[in-house]
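Engineer: Before we start, here is the structure in question, set down as structure tokens.
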Amino acid sequence: MTQAREQQASTIDEVWFLSSELEGERAGAHRQVRWCRIFLEAGARIVIFNIRGAFHVSETRLDSLAAFETFRHRVLDGAKRVSGIREGALVPLLRRVKHLLLADMYLPNVARLFLRTRRRLVSGSARIAIMPSSPPFSVALVGAALKRLYPRRVLLALDMRDAWALHPELRGSTWLKRRIEQWVLRSADHVSTMSVDLADEMTKTHGVPFEVYYNVATHYFDVQPTLPIDWKALDARIDPARRKLVYTGSTPEGFYDVGALVGGVRQLRATRPDLADSLQLVFVGANAEVEHEVARQGGTGDSFVFTGLVPHEQAKAIQQNADAFLFFAFHRGGNKGIVSTKFFEYLALGKPVLPISVSKGSDIDTLLARFAGRSCRLNSAGEVAEALARVAEGCAHAHLPTVEEPGSLRVLAEDYRRFARAVMRGEAAPAGPAAVMDGGRG
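Residue numbers (this note's numbering): 35 to 476.
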């Protein structure tokens, strides 16, 4: 990043987003939508280059928030709801093969993305900010290549939503992936990520300063009327009279300690069947990992209901009508710095959160303490059973982390705005250790 800082700052009028999710409603899209809105608010023109599958590349130019909202509605209305990317018996094998071969680095649309953006740079003269959002890491590689080719024309602001070379569940040559990742990161003027823990780990590995912008769910900031939900229409197995502990999202293989949850439910049913019969755990999304564990352990009765994928608005209605939320932290390496959008959705809704596998001192631990007034570390089936009993008794607010003033989370969004203004001024990141914004541990 030394070369990047030596470039004379000049204002930037256009920001290019390199993405794979801005034409869908997956969790990663929310962060990128947030960046797009923030930069448009700051007066930027934006260009969205979105790749999908192996061949699709789209290019959309927008200069106002109204135009962006029209774009989002259009692509979401036209998008087909497909099964989760982590569902299916062959998915774990295919993911391993993909990472072993680095297959997403040389897909046809990745090459097309590079050639198209390079042509745009060659045909113009203005200074451009390029903001790739990784994963997929292939778009970060494209951004770094453009920065190396046109160092004075490009300000590269790389948003690393997750680790790539350092991710413990992704296969492939660690040595090769670290070399590629380091080359990309050291090409950038700014490198941001979603948590302090992840920033610290990547800075130690690559020697690159990171800026931290938590994945705050700004799309949940505006208070909306509670949408009605017909639990029986959602799934005939759901009993409307029982309290609902809800999980919305996916449970990728090996990420979460689903055994502690299922063991906790078994223990509650064995020791307090009356409480177990007054509570149901409703899972919405791709959750085959939990289903398999329920079948393996047995003894949970009708406590678990798996609905599969539902439209986003219906998922929001399910959240609004939940009694409490279930949250899984990544269960190894101090939670590995993973702080998902879902976590902030739960906090913004102001309902109790039952978190499993939270490590002391992790981002999740400190964020719960800061905004909910307390953390909660449940790491065994017995501890989970006790927490489930409190939810079943109707006293979750008194025992589990709950954000009483969801508006307090808005401070985290201000960090995004400060960053956008700095990029629009053409400023590179300051030298030194990872920059922790107002939403950090201080």
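Heads up, the beta-carbon is just placed ideally off N, CA and C, and yes, glycines get one too.
What are the complete alpha helix (DSSP H) segments, minimum 4 residues, inside the segment 309 to 397?
Structural biologist: 322 to 331, 346 to 354, 375 to 382
Engineer: Pull up the distance between the alpha-carbon of A100 and that of L56, whole angstroms please.
Structural biologist: The residue labelled residue 100 in the question sits at position 66 within the sequence shown. The residue labelled residue 56 in the question sits at position 22 within the sequence shown. Approximately 16 Å between the Cα atoms of the pair.
Engineer: On the three-state DSSP scale, how would you describe V116?
Structural biologist: Within the sequence shown, residue 116 is the residue found at index 82, counting from 1. No answer about V116 holds up, because its pLDDT of 49 lies below 50 and its placement is not dependable.
Engineer: Out of S159, A191, P185, which one is the CA nearest neighbour of P166?
Structural biologist: As a working mapping, residue 166 is identified with position 132 in the sequence shown. When only C-alpha atoms are compared, the closest one is A191.
Engineer: Report the option in A78, D196, F51, E347 whose CA atom is closest to the CA atom of R451.
Structural biologist: The residue you call residue 451 lines up with position 417 of the sequence shown. Nearest option by C-alpha distance: A78.
Engineer: Between the Cα of G367 and those of W265, E103, S396, spot the shortest distance and give me the residue it belongs to.
Structural biologist: As a first step, residue 367 is located in the sequence shown; it is residue number 333 there, counting from the start. The candidate whose alpha carbon is nearest that of G367 is S396.
Engineer: Tell me which same chain residues have a C-beta within less than 7 Å of the C-beta of L200, skipping the five on either side of it?
Structural biologist: Position 166 of the sequence shown, counted from the start, is the residue given in the question as residue 200. Taken in chain order, the residues that qualify are E235, M236, T239.
Engineer: Could you pull the start and end residues of the beta strand (DSSP E) that A191 belongs to?
Structural biologist: Counting from 1 along the sequence shown, the entry for residue 191 is found at position 157. Residues 188 to 194.
Engineer: Under the DSSP definition of a beta bridge, which residues are partnered with K278?
Structural biologist: Residue numbering aside, residue 278 sits at position 244 when the sequence shown is read from its first letter. Per DSSP, Q314.
Engineer: Count the other C-beta atoms from every protein chain shown that fall within 10 angstroms of the C-beta of T375, then say buried if there are 16 or more, exposed otherwise.
Structural biologist: Translated into positions along the sequence shown, residue 375 becomes position 341. By the neighbour-count rule (16 or more Cβ atoms within 10 Å), T375 is buried.
Engineer: Would you kindly check if the distance between the Cβ of A349 and the Cβ of T260 is under 7 Å?
Structural biologist: Indexing the sequence shown from 1 puts residue 260 at position 226. Indexing the sequence shown from 1 puts residue 349 at position 315. Against a cut-off of 7 Å, the Cβ pair of A349 and T260 comes out as no contact.
Engineer: So which of L180, W198, E287 has the shortest CA-CA distance to H365?
Structural biologist: Within the sequence shown, the letter at position 331 stands for residue 365. Comparing Cα-Cα distances from H365 to each of L180, W198, E287, the minimum goes to E287.
Engineer: For M165, report the span of its beta strand (DSSP E) as first-last.
Structural biologist: Walking along the sequence shown from the start, residue 165 turns up at place 131. Residues 162 to 168.
Engineer: Could you work out which residue in Q314, C429, V445, D193 is closest to V457 when comparing CA atoms only?
Structural biologist: Counting from 1 along the sequence shown, the entry for residue 457 is found at position 423. Closest in alpha carbon position to V457, among Q314, C429, V445, D193, is D193.
Engineer: So which of N84, A178, E379, R424 has the shortest CA-CA distance to F143?
Structural biologist: For the purposes of this step, residue 143 is taken as the residue at position 109 of the sequence shown. In the sequence as displayed, the identity of residue 143 is Asn instead of Phe. The shortest C-alpha separation from N143 is found at N84.
Engineer: For R95, which of helix, strand or coil comes out of DSSP?
Structural biologist: Here residue 95 refers to the residue found at position 61 of the sequence shown. R95 falls in the strand class under three-state DSSP.
Engineer: Leaving out five residues on either side along the sequence, give the residues of the same chain with a beta carbon under 6 Å from the beta carbon of F362.
Structural biologist: Within the sequence shown, numbered from 1, the residue matching residue 362 stands at position 328. Cβ neighbours of F362 beyond the five flanking positions: Y290, I390.
Engineer: Would R444 and A76 qualify as a contact pair, given that the criterion is a beta-carbon distance under 7 Å?
Structural biologist: Taking the sequence shown and counting its residues from 1, one reaches residue 444 at position 410. Taking the sequence shown and counting its residues from 1, one reaches residue 76 at position 42. Cβ distance not < 7 Å, so R444 and A76 don't count as in contact.
Engineer: Using the Cβ count rule (16 or more neighbours within 10 Å means buried), how would you classify A462?
Structural biologist: Working through the sequence shown from its first residue, we reach residue 462 at position 428. When all chains shown are included, A462 counts as buried.
Engineer: Based on DSSP bridge pairs, tell me the residues matched to T227.
Structural biologist: Along the sequence shown, one-based indexing puts residue 227 at 193. M194, V246.
Engineer: My output table needs one value for V81: the three-state DSSP class, helix, strand or coil.
Structural biologist: In the sequence shown, counting from the first residue as 1, residue 81 sits at position 47. Strand.
Engineer: DSSP on E48, reduced to helix/strand/coil?
Structural biologist: Within the sequence shown, numbered from 1, the residue matching residue 48 stands at position 14. Here E48 sits in strand by DSSP.
Engineer: Please tell me whether, using a cut-off of 6 Å, the distance from the CB of S396 to the nearest non-hydrogen atom of the ligand ZN is below it.
Structural biologist: The model depicted lacks the ligand ZN and carries no ligand whatsoever.
Engineer: Closer than 6 Å by C-beta to A419: which residues in its own chain qualify, once you throw out the five before and the five after it? Chain order, please.
Structural biologist: Within the sequence shown, residue 419 is the residue found at index 385, counting from 1. Answer for A419: G298, Q301, L302, listed in chain order.
Engineer: Alpha carbon to alpha carbon, what distance is there between Q258 and G428?
Structural biologist: Taking the first residue of the sequence shown as 1, we reach residue 428 at position 394. Taking the first residue of the sequence shown as 1, we reach residue 258 at position 224. Between G428 and Q258, the C-alpha separation is close to 24 Å.
Engineer: Whole angstroms is fine: what's the gap from S229's alpha carbon to L183's?
Structural biologist: The residue labelled residue 229 in the question sits at position 195 within the sequence shown. The residue labelled residue 183 in the question sits at position 149 within the sequence shown. Rounded to the nearest angstrom, the two C-alpha atoms are 30 Å apart.
Engineer: Tell me, to the nearest whole angstrom, how far the beta carbon of Q314 is from that of V339; I am working on the premise that it is less than 8 Å.
Structural biologist: Sequence index remark: in the sequence shown, residue 314 carries index 280 (1-based). Sequence index remark: in the sequence shown, residue 339 carries index 305 (1-based). Contact flag correct, Cβ pair sits at about 6 Å.
Engineer: State the Cα-Cα distance for the pair D97 and V156, rounded to the nearest angstrom.
Structural biologist: Residue 97 sits at position 63 when you count from the first residue of the sequence shown. Residue 156 sits at position 122 when you count from the first residue of the sequence shown. If I take the Cα positions, the gap works out to 22 Å.
Engineer: Going by beta carbon distance, what residues of the same chain come within less than 7 Å of I272, once the five residues before and after it are set aside?
Structural biologist: Here residue 272 corresponds to residue number 238 of the sequence shown, with the count starting at 1. W265, K266, Q314, V316, V339.
Engineer: Nearest-angstrom Cα distance between G319 and A447?
Structural biologist: Stepping through the sequence shown from its first residue, residue 319 is reached at position 285. Stepping through the sequence shown from its first residue, residue 447 is reached at position 413. Near 27 Å, if we compare the C-alpha coordinates of A447 and G319.
Engineer: Span of the alpha helix (DSSP H) holding S172?
Structural biologist: Walking along the sequence shown from the start, residue 172 turns up at place 138. Its alpha helix (DSSP H) spans residues 171 to 183.
Engineer: Looking only at its chain, what residues have a beta carbon closer than 6 Å to the beta carbon of P386, apart from the 5 residues adjacent to it on each side?
Structural biologist: Your numbering for residue 386 matches position 352 in the sequence shown. Taken in chain order, the residues that qualify are A358, A430, H431, L434, T436.
Engineer: On the premise that V91 lies in contact with R150, defined as a C-beta separation below 8 Å, what is that separation, rounded to the nearest angstrom?
Structural biologist: Reading the sequence shown from its first residue, position 116 is the one you call residue 150. Reading the sequence shown from its first residue, position 57 is the one you call residue 91. With 8 Å as the limit, R150 and V91 qualify as a contact, their Cβ atoms being about 7 Å apart.
Engineer: DSSP three-state call for A463: helix, strand or coil?
Structural biologist: Mapped onto the sequence shown, residue 463 falls at position 429. A463: coil per DSSP, three-state reduction.
Engineer: Can you give me the Cβ contacts of V392 inside the same chain, cut-off strictly under 6 Å, excluding the 5 residues immediately before and after it?
Structural biologist: By one-based count along the sequence shown, residue 392 stands at place 358. So the list reads A363, I398, D399, R411, once near-sequence residues are dropped.
Engineer: Quick check: the Cα distance between L134 and T104, rounded to an integer number of angstroms?
Structural biologist: Numbered from its first residue, the sequence shown carries residue 134 at position 100. Numbered from its first residue, the sequence shown carries residue 104 at position 70. Taking the straight line joining both Cα atoms gives about 39 Å.
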